[in-house]
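Just so you know, we're using this note's numbering here: the sequence shown kicks off at 907 and counts up by one.
Where is the CB? At the ideal position from N, CA and C, for every residue including glycine.
Worksheet: the structure to be examined is printed underneath.
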Amino acid sequence: MSAKPSRVALLGGGVIGAGWAARFVLNGCAVRLYEPAPEARARAADVLADARAAYEQLTLAPLPAEGKLHLVDSVEEAVTGADLVQESVPERVELKRELLAAADRGAPSEAIVCSSTSGLRPSELQAEMTRPERFCVAHPFNPVYLLPLVELCAGERTAPATVERAEAIFRAVGMQPLVVRSEIDGFVADRLLEALWREALWLVHDGVATVEEVDDAIRYGAGLRWAFMGTFLTYRIAGGDEGMRHFLRQFGPALEWPWTHLTDVPELTDELVETIAAQSDAQARDRSPRELEQLRDRVLVRLLQALRVEETGAGATLAAWERELLATTPPRLRRVPPEWVDYNGHVHESRYLQLFADATDALLGSIGVDAGYLAGGGSYFTVETHLSHLRQLVAGDRVEVTTQVLDSDDRRLHVFHVLLRDGEAEPVATAEQMLLHVDTRNGRAVPACDPVRERVAELTQRHAELPRPDRAGRSIGVR
Ligand SMILES: NC(=O)c1ccc[n+]([C@@H]2O[C@H](COP(=O)([O-])OP(=O)(O)OC[C@H]3O[C@@H](n4cnc5c(N)ncnc54)[C@H](O)[C@@H]3O)[C@@H](O)[C@H]2O)c1
């Protein structure tokens, strides 16, 4: 059974809550969002639109039908019937505790309750819950619908089964859970980000680099490696053939050198804040936050797709999620239903013609014979079919039909179909068909109109490079 939750309750629909809404809705979950601010509600629709556009580019795997997003007026309404409650309100411990306790009172006993907190300890957050064992932190990264990492952290009173269930849930919606082994402020990722952030602030404070130069130092170099190797693997490779040991021996002593202010935080004086803010404005070059977010998404999609090709880093997570989606709904392949099987125990002959006719329809659709073209009176009629039954099909077989255009002119379209069982090279059946372009208003053969005529010619030219099928041009053989 899939761990994917059917119903998700979201508390807070800001940057993170809206991102969660998009991830769950696009994974087919019904989402109820409790968000009191009207402007945040409107933004959730924008984020969902952006996420939809991103997913269309991100994967060719068939996504489930979108879940419904309902905006509701209370915590109770949101959590009723939910399998998962995810809280994403501002980082204030009292506010979070209060909401989590209310969610705990209203959610079904089998639901788990998570918080998106970036750094508050789960033991503090679960303090006022009646059933604290079903709570853990699930800390995501912005944009939640694209970045796979979610850090899971248990509090003192969290049951291990809660974390296990959270792991399965987030994996089922295409994420990469990282279970934090002990409860620490900032978990793992924000500890690392904080260290980098401190050093970056010092570099600007000391006038060593501008904000742009600090970002350049990351994005053109190590940042690209971090996306798929992290830090330890990067250094291991830097150690050459002898790996990490050599690297540590060679560069370890450098850690003693006064390169860093890491344990010290620069005072955020008005002057420093002003310097950073001004440099950051210049860096944005008048682009709005939305424009920058959309640019970020486009680039992340390309990066994730590139990583997926090698199945490395976040690309491996994407590949695993796609495999899951493809297993649920194979795209090209059709499954032979049991009702197609006749008294001989194999698929009835009429179904072969149905498969080939569907392939012809798909071909016609792809060359522009659509509702508009048909309404104008143009269409193709099949005037001859030669079907060869070569092997038997049985219920449950997964099949696909490939189609080759053998020849064409303004009126005629001569095609050859091959029916293949998944994973086999030998055809199960072939069909050769002649189609005639007709004016459906009087039933007469007439030349096809553009763009259909042009597309047929183009396809014929391309397919002429393919080898001619052995069985093309055969009639019924008498041996
Ligand atoms: N922004 C990030 O990059 C990021 C990343 C990971 C985790 N987080 C964590 O996610 C949480 C939310 O952060 P955010 O960046 O989305 O903040 P945000 O300010 O964008 O959104 C918080 C939302 O909560 C709403 N809210 C306030 N009181 C509420 C209440 N009583 N009930 C329901 N909703 C209420 C606000 O109207 C707002 O829309 C925080 O705990 C934060 O630490 C943020």
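In the structure shown, the three-state DSSP call for residue 1367 is helix.
Not one heavy atom of ligand 1 is found less than 7 angstroms from the C-beta of residue 937.
The three-state secondary structure of residue 1083, taken from DSSP, is strand. Counting other Cβ atoms within 10 Å of its Cβ, residue 1348 stays below 16 and is therefore classed as exposed. Taking C-beta separations shorter than 6 angstroms and ignoring five residues to either side along the sequence, the partners of residue 1341 in its chain run 1286, 1288, 1319, following chain order. Assignment of beta-bridge partners to residue 936 by DSSP yields 913.
Short note on residue 1024: C-beta closer than 7 angstroms to some heavy atom of ligand 1.
Taking every protein chain shown into account, the CB of residue 1197 has fewer than 16 other CB atoms within 10 angstroms, so this residue is exposed. Setting aside the 5 residues that flank it on each side, residue 1091 is surrounded in the same chain by 1025, 1027, each with a C-beta closer than 7 angstroms to its C-beta; the list follows chain order. Contact between residue 1369 and residue 1300 does not hold, since their C-beta atoms are separated by about 31 angstroms, which reaches or exceeds 8 angstroms.
Between residue 1046 and residue 1021, the gap from beta carbon to beta carbon reaches 8 angstroms or more. Exposure of residue 1188 is indicated by the presence of fewer than 16 other C-beta atoms within 10 angstroms of its C-beta. Annotation for residue 918: no beta strand (DSSP E) segment contains it, and DSSP assigns it neither H nor E. When the Cα atoms are used, residue 1302 and residue 935 turn out to be separated by approximately 29 angstroms.
When the five nearest sequence neighbours on each side are left out, the beta carbons in the same chain lying within less than 7 angstroms of the beta carbon of residue 1109 are those of 1115, 1120, in order along the chain. The shortest CA-to-CA distance from residue 968 to any of 985, 932, 941, 1106 is the one to 932.
Three or more Cβ pairs closer than 8 angstroms define a contact, and the stretch 1291 to 1299 meets that threshold against the stretch 1253 to 1273. In the same chain as residue 1313, and ignoring 5 residues on each side of it, the C-beta atoms closer than 7 angstroms to its own belong to 1320, 1366, in chain order. Using a Cβ-Cβ distance cut-off of 8 angstroms, the stretch 999 to 1010 and the stretch 954 to 967 are not in contact, since fewer than three pairs of beta carbons, one from each stretch, lie closer than that value.
Counting along the chain, the unbroken alpha helix (DSSP H) around residue 1197 starts and ends at 1195 to 1215. Not one heavy atom of ligand 1 lies closer than 7 angstroms to the C-beta of residue 1138. Residue 974 counts as exposed, since fewer than 16 other C-beta atoms from the protein chains shown sit within 10 angstroms of its C-beta.
Assignment of residue 1249 by DSSP, reduced to helix, strand and coil, places it in the coil class. Counting along the chain, residue 1076 sits inside the alpha helix (DSSP H) bounded by residues 1066 to 1078. Residue side-chain check: residue 911 keeps its Cβ at 7 angstroms or more from all non-hydrogen atoms of ligand 1. 1107 is the residue among 1041, 1096, 1107, 1338 whose C-alpha sits nearest the C-alpha of residue 1175. Distances from the CB of residue 1045 to the heavy atoms of ligand 1 include at least one below 7 angstroms.
In chain order, 1018 place their CB closer than 6 angstroms to the CB of residue 1071, counting only its own chain and leaving out the 5 sequence neighbours on each side. One alpha carbon belongs to residue 1206, the other to residue 1052, and they sit about 8 angstroms apart. Remark: the C-beta of residue 1090 is outside contact range of ligand 1, defined as less than 7 angstroms to any heavy atom.
Closest in alpha carbon position to residue 1125, among 1343, 1209, 1156, is 1209.
Here residue 1343 is buried. Its C-beta has 16 or more other C-beta atoms within 10 Å. Residue range 1095 to 1111 is occupied by the alpha helix (DSSP H) that includes residue 1098. Check the Cα spacing between residue 1225 and each of 941, 962, 912, 966: the tightest is with 966. For residue 924, the closest alpha carbon among the candidates 910, 911, 958 is that of 958. Distance between residue 1213 and residue 1280, taken at the CA atoms: about 43 angstroms.
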